[in-house]
Amino acid sequence: SQSGSFGCASFYQLKQEGLGISKFANIGNNIDVSFVDVLDFFNDDTNTKIIGIYMETVKYGKALFNKLSHVVPKKPVVILKGGRTSIGMKAASSHTGSLASNYQILKAAITQTGAILCENASNFITALKTFSILPIPQGENIGVLTNSGGSSVLFSDKLEEYNLSLASFSEELKEEMRQFLIPLVKLVNPLDMIGGAAEKQYYNITKLMLKDESLDIVVACVVIPPFLEMNSDEHYRGIIRAWNDTGREKPLIPLVFFGDYFENLNTLAKKGKAPIYYTPNEAAYATKILIERAKSLSKNKEESAL
Numbered sequence: 003s004q005s006g007s008f009g010c011a012s013f014y015q016l017k018q019e020g021l022g023i024s025k026f027a028n029i030g031n032n033i034d035v036s037f038v039d040v041l042d043f044f045n046d047d048t049n050t051k052i053i054g055i056y057m058e059t060v061k062y063g064k065a066l067f068n069k070l071s072h073v074v075p076k077k078p079v080v081i082l083k084g085g086r087t088s089i090g091m092k093a094a095s096s097h098t099g100s101l102a103s104n105y106q107i108l109k110a111a112i113t114q115t116g117a118i119l120c121e122n123a124s125n126f127i128t129a130l131k132t133f134s135i136l137p138i139p140q141g142e143n144i145g146v147l148t149n150s151g152g153s154s155v156l157f158s159d160k161l162e163e164y165n166l167s168l169a170s171f172s173e174e175l176k177e178e179m180r181q182f183l184i185p186l187v188k189l190v191n192p193l194d195m196i197g198g199a200a201e202k203q204y205y206n207i208t209k210l211m212l213k214d215e216s217l218d219i220v221v222a223c224v225v226i227p228p229f230l231e232m233n234s235d236e237h238y239r240g241i242i243r244a245w246n247d248t249g250r251e252k253p254l255i256p257l258v259f260f261g262d263y264f265e266n267l268n269t270l271a272k273k274g275k276a277p278i279y280y281t282p283n284e285a286a287y288a289t290k291i292l293i294e295r296a297k298s299l300s301k302n303k304e305e306s307a308l
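Residue numbers for the sequence shown follow this note's numbering, so the first one is 3 and each next one is one higher.
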């Protein structure tokens, strides 16, 4: 990080998510140690699984991008760039005493390396959480189940902004799902199981989607408004139990709207080393970066074979 205070703040945020940090390096204005040096160290560090970077200025640009291209196939690298705008660039110059780099040029270069470039601090933490817990998908076929149409609509809107779309359910999957759902439920993606869906439905449908070969990522949405004073534990437990029972082989994204209202849900997620997302935007972003990572690894594999 080029900001010690941002790095410390990230510690506490990651701790809230049940995650830890192996090592932290604050390099300030790169006067003696650069991102290239730190990336080299973290790449060889067996205790480091994901590398997160808060970057304001770029020194030794060509060497940095070459190093990123070398590291990314081995470990996910997540970058939050400060100083993206003219005002931000002035603030960065005041902070580190260096000129901030042109963001659009930097964005294009970083994207080519396969590193994940985040637009804000929330996405930065989401990316670190996602790569810490979830496996990388084999493709980009997304299946969604929910007990509230609204959450899946908002999630789908964000997906389209990312140029992603939902898969069509196979006839075999539809036939298997029908036995656990009431006749009113339409067997389309996203699957709206209607408000009465309980833990049993969540467990069975999530498990079927995770086992289905035509789906690569499963998003399970739960909406329990706090004013209803219902216990959302059972829905979440059913979702995670299905993930555990299928070997955690596919990425599962539980979107629990209003979930941060229930402290016990966060505790459950941390104890079970399981994912949990609280907004459609966060869940969609997690989906996006998992697919980006899968494409990056596939591209590197193809290039290595040449």
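Beta carbons are placed, not taken as given, at the ideal position from N, Cα and C, and that holds for glycine.
Bear in mind that the values here come from a model prediction, so they are computed numbers and not experimental data.
Kindly indicate which residue of Ser3, Gly6, Ala200 and Leu66 has the alpha-carbon position closest to the one of Leu183.
Checked all of Ser3, Gly6, Ala200 and Leu66; the closest Cα to Leu183 is Ala200.
Cβ shell of Phe67 (< 7 Å), same chain only, five flanking positions each side left out
If we look at Phe67 and ignore the five residues flanking it on each side, its Cβ neighbours are Ala111 and Thr115.
Just reading off the alpha helix (DSSP H) that Thr128 is part of, what are its end residues?
Ala123 to Ile135 is the extent of the alpha helix (DSSP H) around Thr128.
For Leu21, which of Thr128, Ile33, Lys76 and Phe44 has the nearest alpha-carbon?
Of Thr128, Ile33, Lys76 and Phe44, the residue nearest in Cα terms is Thr128.
DSSP on Pro139, reduced to helix/strand/coil?
In this structure, Pro139 counts as coil in the three-state DSSP scheme.
I'd like to confirm something about Gly141: is its beta-carbon nearer than 8 Å to some heavy atom of the ligand ZN, or not?
By its list of ligands, the structure shown contains no ligand whatsoever, and the ligand ZN lies outside what it can speak to.
Contact under 9 Å by Cβ, Lys297 with Pro137
No, Cβ-Cβ distance for Lys297 and Pro137 is not below 9 Å.
So does the region 170-182 actually touch the region 210-221, counting three or more Cβ pairs closer than 8 Å?
Judged by Cβ distances under 8 Å, the region 170-182 makes contact with the region 210-221, as three or more pairs qualify.
Jot down the residue ranges of each uninterrupted alpha helix (DSSP H) in the region 16-91, minimum 4 residues, whole runs only, in chain order.
Within the region 16-91, the complete alpha helix (DSSP H) runs of at least 4 residues are 37-46 and 63-73.
Restricting to Cα atoms, I'd like to know which of Glu304, Glu305 and Arg295 is closest to Val74.
The shortest Cα separation from Val74 among Glu304, Glu305 and Arg295 belongs to Arg295.
What is the DSSP secondary structure of Phe8, counted as helix, strand or coil?
Of the three classes helix, strand and coil, the one that applies to Phe8 here is helix, per DSSP.
In angstroms, rounded to a whole number, what distance separates the CA positions of Thr50 and Lys83?
Spanning the two alpha carbons is a distance of roughly 21 Å.
As assigned by DSSP and simplified to three states, the class of Phe259:
Strand.
Residue from Ser154, Thr132, Glu58 and Ala288 whose Cα sits closest to the Cα of Leu310
No answer is possible for residue 310: it lies beyond the span of the chain, which begins at 3 and ends at 308.
Can you pull the DSSP bridge partners for Tyr148?
One point to set straight first is that residue 148 is Thr, not Tyr, in the sequence displayed. Beta bridge pairing from DSSP links Thr148 with Asp194.
Does Lys17 pass the burial test, meaning 16 or more other C-beta atoms within 10 Å, or should it be called exposed?
Exposed.
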